[in-house]
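Working notes, structure below.
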Amino acid sequence: MLSQLYIKNIAVISEAAIDFTGGLNVFTGETGAGKTILISAINAVLGERTSKEIIRTGEEKAVISALFTGLSPAAAAALGEAGYPPEEDGVLISREITADGKSACRIDGRPATAAILKTVAAHLINVHGQHDNQQLLSPAKHLGFIDGYGELEPMLEEYRDAYRAYSAARRELEQIDTDEAEKARRIDLLGYQIGEIDAAQLTPGEEDELRAQRKLLKNALAVTEALGGSLAVLDGDDETPGLSSQLGALVEQMEQAARYMDAARPVSERLTELSYEFEGFASDIRGLLEGFDCDPRQLDAIENRLDLLYSLKKKYGGTVEEILAFRDRAAEELRKIETSDERARQLQRELSGLLAEAEARAEKLSAARGDAAGRFTARVMEELAFLDMPSVTLTVRRREKPLSPDGIDELELYISTNVGEEPRSLAKVASGGELARIMLSVKNVMAGRDDIGTLIFDEVDTGVSGRAAQKIGHKLRQVAADRQVIVVTHLAQVAAYAQHHLLISKTARDDRTFTSIIPLEGEDRVRELARITGGETLSEIALEHAREMLREADGAFR
Numbered sequence: 042m043l044s045q046l047y048i049k050n051i052a053v054i055s056e057a058a059i060d061f062t063g064g065l066n067v068f069t070g071e072t073g074a075g076k077t078i079l080i081s082a083i084n085a086v087l088g089e090r091t092s093k094e095i096i097r098t099g100e101e102k103a104v105i106s107a108l109f110t111g112l113s114p115a116a117a118a119a120l121g122e123a124g125y126p127p128e129e130d131g132v133l134i135s136r137e138i139t140a141d142g143k144s145a146c147r148i149d150g151r152p153a154t155a156a157i158l159k160t161v162a163a164h165l166i167n168v169h170g171q172h173d174n175q176q177l178l179s180p181a182k183h184l185g186f187i188d189g190y191g192e193l194e195p196m197l198e199e200y201r202d203a204y205r206a207y208s209a210a211r212r213e214l215e216q217i218d219t220d221e222a223e224k225a226r227r228i229d230l231l232g233y234q235i236g237e238i239d240a241a242q243l244t245p246g247e248e249d250e251l252r253a254q255r256k257l258l259k260n261a262l263a264v265t266e267a268l269g270g271s272l273a274v275l276d277g278d279d280e281t282p283g284l285s286s287q288l289g290a291l292v293e294q295m296e297q298a299a300r301y302m303d304a305a306r307p308v309s310e311r312l313t314e315l316s317y318e319f320e321g322f323a324s325d326i327r328g329l330l331e332g333f334d335c336d337p338r339q340l341d342a343i344e345n346r347l348d349l350l351y352s353l354k355k356k357y358g359g360t361v362e363e364i365l366a367f368r369d370r371a372a373e374e375l376r377k378i379e380t381s382d383e384r385a386r387q388l389q390r391e392l393s394g395l396l397a398e399a400e401a402r403a404e405k406l407s408a409a410r411g412d413a414a415g416r417f418t419a420r421v422m423e424e425l426a427f428l429d430m431p432s433v434t435l436t437v438r439r440r441e442k443p444l445s446p447d448g449i450d451e452l453e454l455y456i457s458t459n460v461g462e463e464p465r466s467l468a469k470v471a472s473g474g475e476l477a478r479i480m481l482s483v484k485n486v487m488a489g490r491d492d493i494g495t496l497i498f499d500e501v502d503t504g505v506s507g508r509a510a511q512k513i514g515h516k517l518r519q520v521a522a523d524r525q526v527i528v529v530t531h532l533a534q535v536a537a538y539a540q541h542h543l544l545i546s547k548t549a550r551d552d553r554t555f556t557s558i559i560p561l562e563g564e565d566r567v568r569e570l571a572r573i574t575g576g577e578t579l580s581e582i583a584l585e586h587a588r589e590m591l592r593e594a595d596g597a598f599r
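Here it is as structure tokens:
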């Protein structure tokens with residue numbers, strides 16, 4: 042669950058550390074105090090797209106961190122797969138957003154990407170914002186509800202394997218069935234390309250070696266002079282003795298001293314070894330000088346070879362290795378074209394079997410979806426009956442479509458809100474308040490299909506009031522028995538069911554707006570519920586009504 046949220050410099054929130062508990066956590070507060078900003082901050086720390094506009098005016102950066110404890114096995118596994126195995130039973134996720142639009146993410150203090158945060162977050166929190174109700178208006182989303190409720194993802198993946206195999210064979214056959222003139226043109230081109238590369242007789246690493254040889258040959262005179270000068274220093278001439286002869290004289294002198302002085306013997310021996318090395322130096326330099334060939338024609342051959350490589354690289358790849366890889370691909374394509382008639386006959390034989398396999402799995406998946414849809418709508422209607430929509434009839438209409446990555450089903454939720462009315466498309470019938478209750482019901486029904494520890498609802502009670510709002514509060518408290526639920530609400534009937542009530546309060550000082558988050562208990566909570574119900578003027582009747590709401594909510598769960 043989300044144990045603590047820390048926010049600094051997010052919109053009207055200068056700095057806040059919010060402690061959460063298990064069960065039902067509720068935020069209330071006046072309009073504009075920052076309730077929805079909290080949801081934006083949570084979304085940001087979980088890797089959702091954000092911008093520098095979220096930073097508090099006048100500040101250079103914003104910081105958000107979220108501490109999660111009691112991780113589920115799936116969440117711990119997701120962190121481990123991403124390279125961040127959790128220590129003990131918790132994880133700290135943080136994100137910093139700077140005024141220049143840059144973002145830095147961390148998991149347990151280690152750098153991460155927003156994409157990694159998003160992947161991990163899918164196992165930690167399910168955030169339901171006001172815009173999520175629009176999912177109900179999109180038939181494309183309805184199929185996901187049924188597959189998720191029916192836990193059909195493994196069956197869907199089995200179908201997709203069969204569909205991908207069939208689609209790949211069909212595409213290959215379509216590519217083979219090109220006109221003969223195009224085949225002939227392609228064969229000529231591939232043959233020319235392969236022949237040109239083969240004629241060059243390329244060798245991996247050849248270009249670097251050629252460049253080194255060219256560098257040496259272009260500086261042949263300097264190399265020759267340097268080698269000759271080095272040899273002259275060692276051998277000397279008629280007028281000046283070389284280092285070798287001087288070292289020989291030094292060795293003789295030290296050997297004379299060593300005959301009579303034991304302490305001089307180590308020095309004499311090292312100098313003797315050094316004289317042998319100098320003789321070797323002279324021999325090596327002579328060999329280099331005698332073996333150095335600076336034929337200008339060799340340089341011309343190297344330049345021509347490098348020009349050829351440059352020409353081939355412009356056509357086929359940036360390096361010799363890439364050119365050779367291009368040649369191998371061209372040869373494979375040529376082989377396939379030349380054997381395409383045989384391959385086409387083979388594919389035609391295979392295609393009917395692959396199609397039959399894909400269709401069989403599609404039919405099996407479709408039947409499972411039909412069963413899951415019946416159970417799903419029954420469970421959602423049970424939830425809606427509790428939420429004061431007892432006359433609702435929810436059905437799933439199916440239309441068959443050609444094989445596609447999702448199967449052969451087009452599913453859409455249809456609803457009748459009154460007895461005797463024909464079910465119609467959800468997008469054409471449901472009001473805002475009905476959509477909110479339907480989405481809450483769907484979320485509750487789907488909640489049992491995962492082990493996500495925290496559900497967050499932003500304004501889930503939009504468009505409802507009175508008894509329906511009270512039922513929503515009761516339902517949220519029920520859901521919170523099994524997992525943490527965090528709710529942003531403007532209704533006292535919902536807030537009364539909270540096990541942890543937080544007030545978001547806005548104040549102004551020094552020409553700036555500041556928001557604070559205050560846990561409420563006892564009479565402070567009574568006054569907040571009365572304020573939500575009746576406005577800023579708190580009458581004794583409003584206060585007593587608030588106390589009654591709290592007593593009723595507590596009594597329902599004793």
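All residue numbers for the sequence shown refer to the numbering used here, where the first residue is 42 and numbers rise by one.
Note that CB positions come from ideal geometry on N, CA and C, so glycine has one too.
Owing to the predicted nature of the structure, the values given are computational and were not obtained by experimental measurement.
For R201, no beta strand (DSSP E) run applies; the uninterrupted alpha helix (DSSP H) run containing it begins and ends at E194 to I217, by DSSP.
One alpha carbon belongs to E310, the other to S324, and they sit about 22 Å apart. Per DSSP, the beta bridge partners of F555 are T548. Ranked by Cα distance from T244, the first of E344, E362, G415 and S407 is E362. In the DSSP annotation of this structure, the continuous segment of the beta strand (DSSP E) that includes E441 starts and ends at T434 to S445. Around A403, the same chain offers Y200, L444, G448 and I449 as residues with beta carbons nearer than 7 Å, after the five sequence neighbours per side are excluded. Following the DSSP letters along the chain, one finds H169 inside the beta strand (DSSP E) bounded by residues I166 to H169. Between the beta-carbon of R410 and that of I187 there is about 5 Å, and that keeps the pair under the 8 Å contact cut.
Taken atom to atom, the span from the alpha-carbon of Y47 to that of H586 is near 34 Å.
Straight-line measurement puts the Cα of L178 at about 32 Å from the Cα of I51. A distance below 7 Å between beta-carbons, with the five flanking residues on each side excluded, links N459 to the following residues of its chain, in chain order: S432.
Counting only the Cα atoms, S286 lies some 8 Å from L275. Taking every protein chain shown into account, the CB of Q216 has fewer than 16 other CB atoms within 10 angstroms, so this residue is exposed. When secondary structure is reduced to three states using DSSP, S106 falls in the strand class. Under the three-state reduction of DSSP, L43 is assigned to strand. Look at the beta carbons and you see the segment 532–544 touching the segment 66–73: at least three pairs across the two are nearer than 8 Å.
Residue pairing by DSSP places T69 opposite L544 in a beta bridge. By DSSP's assignment, K49 forms a beta bridge with E56 and V104.
Distance between S580 and F598, taken at the CA atoms: about 28 Å. With respect to the 8 Å criterion, T495 and L165 are classified as neighbours on the basis of their beta carbons.
In this structure, DSSP gives Q297 a helical state, which the three-state scheme calls helix. Only exposed fits M302, as fewer than 16 other CB atoms lie within 10 angstroms of its CB. Distance from the CA of E248 to the CA of L350, rounded to the nearest whole angstrom, comes to 8 Å. By the neighbour-count definition (other C-beta atoms within 10 Å, threshold 16), L65 is a buried residue. For V505, the closest of V520, D523, R478 and I493 by C-alpha to C-alpha distance is R478. Under DSSP, A153 takes part in a beta bridge, and its partners are C146. Straight through space, the alpha carbons of T265 and L330 are spaced by roughly 7 Å. Beta-bridge partners of I456 (DSSP): L435 and R465.
Taking 8 Å as the cut-off, the Cβ atoms of V486 and Y190 count as close. A straight line joining the alpha-carbon of A414 with that of E194 spans about 15 Å. With a threshold of 16 other beta carbon atoms within 10 Å, G88 meets it and is buried. CA-CA distance, A119 to I497, rounds to 20 Å.
Counting along the chain, L120 sits inside the alpha helix (DSSP H) bounded by residues P114 to E122.
Annotation for R136: the continuous beta strand (DSSP E) segment containing it runs G131 to T139. The segment 428–442 makes no contact with the segment 226–241: fewer than 3 CB pairs, one atom from each, lie closer than 8 Å. Look at the beta carbons and you see the segment 561–571 not touching the segment 520–529: under three pairs across the two are nearer than 8 Å.
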